[in-house]
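*Asks:*
2 protein chains.
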Amino acid sequence: MRASERAYRALREEILDGALEPGAALAEVEQANRLGVSRTPVREALARLEADGLATAASARVLQVSALDAASIVSLYELREALEGQAARLAAGRREPERFTALRKRIAGAPELLDSGDEGLRAYYGAVDALDDEIESAAANAMLGAALRSVRLHSARVRRLARHHPERLRAAASEHLLIVDSIIAGDADLAAHATHVHLHLSLRHALASIEARHPDGHRVA
Amino acid sequence: MRASERAYRALREEILDGALEPGAALAEVEQANRLGVSRTPVREALARLEADGLATAASARVLQVSALDAASIVSLYELREALEGQAARLAAGRREPERFTALRKRIAGAPELLDSGDEGLRAYYGAVDALDDEIESAAANAMLGAALRSVRLHSARVRRLARHHPERLRAAASEHLLIVDSIIAGDADLAAHATHVHLHLSLRHALASIEARHPDGHRVA
DNA sequence: CCTCACTCTTATGTATACATTCACGCACTC
DNA sequence: GAGTGCGTGAATGTATACATAAGAGTGAGG
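Next up, the structure:
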């Protein structure tokens, strides 16, 4: 694999995991030494991270890991509502229910995975992510897909912040089930509205979960 | 200005203007020679163009100017509907009508600009762009703003393709007026729906205009 | 005559040397 | 004592040399 690709993935992973905390400086020489490559591929990786919104130029010379406070999470969900709502609407409108029949079963069985410990949790998120993939693919819109991929990066970052309440995840699974059913039924309005409902409840849970962990509500990491 | 920034702007301008046609190869050495800088800043510029969606990797080694056919224009408008609809909705919800009062007058006077030749046309688009700016700013959502800026790049590219029918532009101005009025009134639903209507009519015109110029409907440039 | 493989060309990928600019600190002046 | 200006240093910005790999062209073999 290309060194720039390795550097990008390594840095991205560390930002999503929180190993690189919000506000941490991303200096070329330092990261190049740490990752064992030269400045050139690091430079490319940092540019991609900035384009992704995971890194932000604090000034002309200093790049930092982007902040992740309550306000930016609300912003993320406002954007997700627009993009995922439209994706669900388009997917429903394409009238290809057969693409989603296998996924429907998988989502329907997801709640039971939550009793299988950490392994089950990964499987649960695997099913949810597969649904996102299929909706994006069914929407058949490359530009929308690119925007969704960016948003999903940030969503993954938020996901690691919120506690994983089995109760909430069970509810989320039934919300996803409604989304997939409305797509299968070709009901575009319902698909969009069910997505809106899901994101609303998901945001409420995320904010409460973060508030519980970081009572000030601003600096969350 | 930095060489990479100059290279990026120069290439972007040429792509938006059509001087670099869809499918044109973007080779590092060739562009570096042409722009009078070394490969390094060109490389950064090309990476940014690819992130913008203005360039596409045709294979592992060849980067091309992105295609601009009817299908990708439809995709763009599907994305615009999601993003601009949400932006208008948020802007209306923020209840800051005073931000838009001066702009309202400017938009209301826009149709008359269309009788002033090329200079007036630029002024017309200046007013429209200012509205877009203010809606983005009023939406107060950095992530949405970043997505909107990407979309507006592509919109600018499409704009140059469609003929500028004064009749259509006069109608568009009244659509914009309704959008701005609904934001001033704090009517979020109306703002979103008016945006939807505007984009629908705009897309219809763009497709018809392109079809008239390129009867096959696929390779438009 | 077609196909496959090898080589050679030419592109990109990476490392590094050099240029430039900004920031910090110290000293000098008012 | 405060403020300004210059010097020093360390960071990014750029150029270029070198490494590597993809692709085209040519040759031989079927």
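Residue numbers (the working numbering), protein chains in the order written: chain P, 5 to 225; chain E, 5 to 225. Here a beta-carbon is modelled for each residue, glycine too, at the ideal position from N, C-alpha and C.
Is it buried or exposed, R65 (chain E), if we count other Cβ atoms within 10 angstroms and call 16 or more buried?
*Replies:* Working through the second sequence from its first residue, we reach residue 65 (chain E) at position 61. Exposed, by the Cβ-count rule.
*Asks:* Pick out whichever of E:L205, E:E17, E:L181 and E:L24 has its Cα sitting closest to the Cα of I4 (chain E).
*Replies:* Residue 4 (chain E) cannot be examined here, being either before or after the span of chain E that is shown, 5 to 225.
*Asks:* Count the other CB atoms within 10 Å of the CB of G121 (chain P); is the residue buried (16 or more) or exposed (fewer)?
*Replies:* By one-based count along the first sequence, residue 121 (chain P) stands at place 117. With fewer than 16 other Cβ atoms within 10 Å, it is exposed.
*Asks:* What residues of chain E sit near M5 (chain P), judged by a beta carbon separation below 8 Å?
*Replies:* By one-based count along the first sequence, residue 5 (chain P) stands at place 1. What M5 (chain P) touches in chain E: nothing, since even the nearest Cβ is about 12 Å away.
*Asks:* Any contact between the stretch 193-209 of chain E and the stretch 143-154 of chain E? By contact I mean 3 or more CB pairs, one from each, below 8 Å.
*Replies:* Flag = no, the stretch 193-209 of chain E and the stretch 143-154 of chain E do not touch.
*Asks:* Against L148 (chain P), what residues of chain E qualify as contacts under a CB-to-CB distance less than 9 Å, listed in chain order?
*Replies:* Here residue 148 (chain P) refers to the residue found at position 144 of the first sequence. The answer, in chain order, is S79, E82, L83 and A86.
*Asks:* DSSP state of V75 (chain P), grouped into three classes?
*Replies:* As a working note, residue 75 (chain P) is residue 71 in the first sequence. The residue asked about is misnamed: residue 75 (chain P) is Ala in this sequence, not Val. Residue state, collapsed to three classes: helix.
*Asks:* Going by C-alpha to C-alpha distance, which of E:A14, E:R108 and E:A160 sits closest to R38 (chain E)?
*Replies:* Here the question's residue 38 (chain E) lines up with position 34 in the second sequence. The shortest C-alpha separation from R38 (chain E) is found at E:A14.
*Asks:* Do V69 (chain P) and P26 (chain P) come within 8 Å of each other at the CB atom, strictly closer than that value?
*Replies:* Within the first sequence, numbered from 1, the residue matching residue 26 (chain P) stands at position 22. Within the first sequence, numbered from 1, the residue matching residue 69 (chain P) stands at position 65. The answer is yes: Cβ separation under 8 Å.
*Asks:* Who are the Cβ neighbours of G190 (chain P) in its own chain at under 8 Å, not counting the five residues just before and after it?
*Replies:* Start at 1 with the first residue of the first sequence, and residue 190 (chain P) comes out as number 186. Same-chain partners within the cutoff: A96, G97, R99 and P101.
*Asks:* With a 10 Å radius around its C-beta and 16 neighbouring C-beta atoms as the bar for buried, classify V184 (chain P) as buried or exposed.
*Replies:* The residue labelled residue 184 (chain P) in the question sits at position 180 within the first sequence. Per the 10 Å Cβ criterion, buried.
*Asks:* Rounded to whole angstroms, what's the CA-CA distance from E18 (chain P) to A131 (chain P)? Just pull it up for me.
*Replies:* Locating residue 18 (chain P) in the first sequence gives position 14, counting from the first residue. Locating residue 131 (chain P) in the first sequence gives position 127, counting from the first residue. Roughly 24 Å separates the two Cα atoms.
*Asks:* Against chain E, does L165 (chain P) count as a neighbour if the rule is that its beta carbon must be under 8 Å from one of theirs?
*Replies:* Sequence index remark: in the first sequence, residue 165 (chain P) carries index 161 (1-based). False, the Cβ-Cβ gap to chain E never drops below 8 Å.
*Asks:* Looking only at C-alpha atoms, which of P:G40, P:A51 and P:A59 sits nearest to G22 (chain P)?
*Replies:* On the first sequence, position 18 is the one that residue 22 (chain P) refers to. Comparing Cα positions, the closest option is P:A59.
*Asks:* Any heavy atom of the ligand SAM inside 7 Å of the beta-carbon of R217 (chain E)?
*Replies:* This structure does not include the ligand SAM; it has no bound ligands of any sort.
*Asks:* Rounded to whole angstroms, how far is the Cβ of L80 (chain E) from the Cβ of S159 (chain E), which I believe are closer than 8 Å?
*Replies:* The residue given as residue 80 (chain E) occupies position 76 in the second sequence. The residue given as residue 159 (chain E) occupies position 155 in the second sequence. About 7 Å separates the two Cβ atoms, so the contact holds.
*Asks:* Look at the Cβ atom of E48 (chain E), then the Cβ atom of S8 (chain E), and state whether they are nearer than 8 Å.
*Replies:* Position 44 of the second sequence holds residue 48 (chain E). Position 4 of the second sequence holds residue 8 (chain E). Yes, these two residues count as a Cβ contact at 8 Å.
*Asks:* For E123 (chain P) and D56 (chain E), I'd like the C-alpha separation in whole angstroms.
*Replies:* Position 119 of the first sequence, counted from the first residue, corresponds to residue 123 (chain P). Position 52 of the second sequence, counted from the first residue, corresponds to residue 56 (chain E). Computed Cα separation, rounded: 38 Å.
*Asks:* Excluding the 5 residues preceding and the 5 following R174 (chain E) in the sequence, name in chain order all residues of the same chain whose CB lies nearer than 8 Å to its CB.
*Replies:* Along the second sequence, one-based indexing puts residue 174 (chain E) at 170. Excluding residues within five positions, the ones whose Cβ falls inside 8 Å are P115 and L118.
*Asks:* Which runs of the alpha helix (DSSP H) fall wholly inside the stretch 38-66 of chain E and span at least 4 residues, in chain order?
*Replies:* Runs found: 43-56.
*Asks:* Mapping the DSSP letters down to three states, classify I139 (chain P) as helix, strand or coil.
*Replies:* Stepping through the first sequence from its first residue, residue 139 (chain P) is reached at position 135. If DSSP states are grouped into helix, strand and coil, I139 (chain P) belongs with the helices.
*Asks:* Hey, which unbroken runs of the beta strand (DSSP E) at 3 residues or more fall wholly within the stretch 109-156 of chain E?
*Replies:* If we require 3 residues or more, the stretch 109-156 of chain E turns out to have no beta strand (DSSP E) run fully inside it.
*Asks:* Roughly how many angstroms separate the alpha carbons of L157 (chain E) and F104 (chain P), rounded to a whole number?
*Replies:* Within the second sequence, numbered from 1, the residue matching residue 157 (chain E) stands at position 153. Within the first sequence, numbered from 1, the residue matching residue 104 (chain P) stands at position 100. So the two alpha carbons sit approximately 34 Å from each other.
*Asks:* Can you pull the chain P neighbours of A92 (chain E), defined as C-beta to C-beta under 9 Å?
*Replies:* For the purposes of this step, residue 92 (chain E) is identified with residue 88 of the second sequence, where counting begins at 1. Under the 9 Å cutoff, chain P gives no residues; its nearest Cβ is about 11 Å from A92 (chain E).
*Asks:* Take A143 (chain E) and list the residues in its own chain whose beta-carbon comes closer than 6 Å to its own, dropping the five residues that flank it on each side.
*Replies:* Along the second sequence, read from residue 1 onward, the residue named residue 143 (chain E) stands at position 139. So the qualifying residues of the chain are A91, L94 and A95.
*Asks:* Tell whether a beta-carbon distance below 8 Å holds between L87 (chain P) and A86 (chain E).
*Replies:* Here residue 87 (chain P) corresponds to residue number 83 of the first sequence, with the count starting at 1. Here residue 86 (chain E) corresponds to residue number 82 of the second sequence, with the count starting at 1. Yes.
*Asks:* Quick one: residues in its chain with C-beta nearer than 7 Å to the C-beta of S42 (chain P), no 5 flanking neighbours on either side, listed in chain order?
*Replies:* Sequence index remark: in the first sequence, residue 42 (chain P) carries index 38 (1-based). Excluding residues within five positions, the ones whose Cβ falls inside 7 Å are A36.
*Asks:* Would A177 (chain P) be called buried (16 or more neighbouring beta carbons within 10 Å of its own) or exposed?
*Replies:* Indexing the first sequence from 1 puts residue 177 (chain P) at position 173. Buried, by the Cβ-count rule.
*Asks:* How big is the Cα-Cα spacing for V46 (chain E) and E32 (chain P)?
*Replies:* In the second sequence, counting from the first residue as 1, residue 46 (chain E) sits at position 42. In the first sequence, counting from the first residue as 1, residue 32 (chain P) sits at position 28. Each residue's alpha carbon lies about 19 Å from the other.
*Asks:* For the stretch 112-124 of chain E, which residues have a CB atom closer than 9 Å to at least one CB atom of chain P, in sequence order?
*Replies:* Listed by position, the residues of the stretch 112-124 of chain E near chain P (Cβ gap below 9 Å) amount to none.
*Asks:* My output table needs one value for A23 (chain P): the three-state DSSP class, helix, strand or coil.
*Replies:* Taking the first residue of the first sequence as 1, we reach residue 23 (chain P) at position 19. In this structure, A23 (chain P) counts as coil in the three-state DSSP scheme.
*Asks:* Looking only at DSSP bridge pairs, what is A29 (chain E) linked to?
*Replies:* Numbered from its first residue, the second sequence carries residue 29 (chain E) at position 25. E:Q68.
*Asks:* Counting along the chain, where does the alpha helix (DSSP H) carrying E179 (chain P) start and finish?
*Replies:* Numbered from 1 along the first sequence, position 175 holds the residue referred to as residue 179 (chain P). Taken as a continuous stretch (DSSP letters only), the alpha helix (DSSP H) holding E179 (chain P) covers P170 to I188.
*Asks:* Closer than 7 Å by C-beta to G89 (chain P): which residues in its own chain qualify, once you throw out the five before and the five after it? Chain order, please.
*Replies:* Position 85 of the first sequence, counting from 1, holds the residue named residue 89 (chain P). Result list for G89 (chain P): A196, T199 and H200, in chain order.
*Asks:* Are L24 (chain E) and L50 (chain E) close, meaning C-beta to C-beta below 8 Å?
*Replies:* By 1-based counting over the second sequence, the position of residue 24 (chain E) is 20. By 1-based counting over the second sequence, the position of residue 50 (chain E) is 46. Contact: no.
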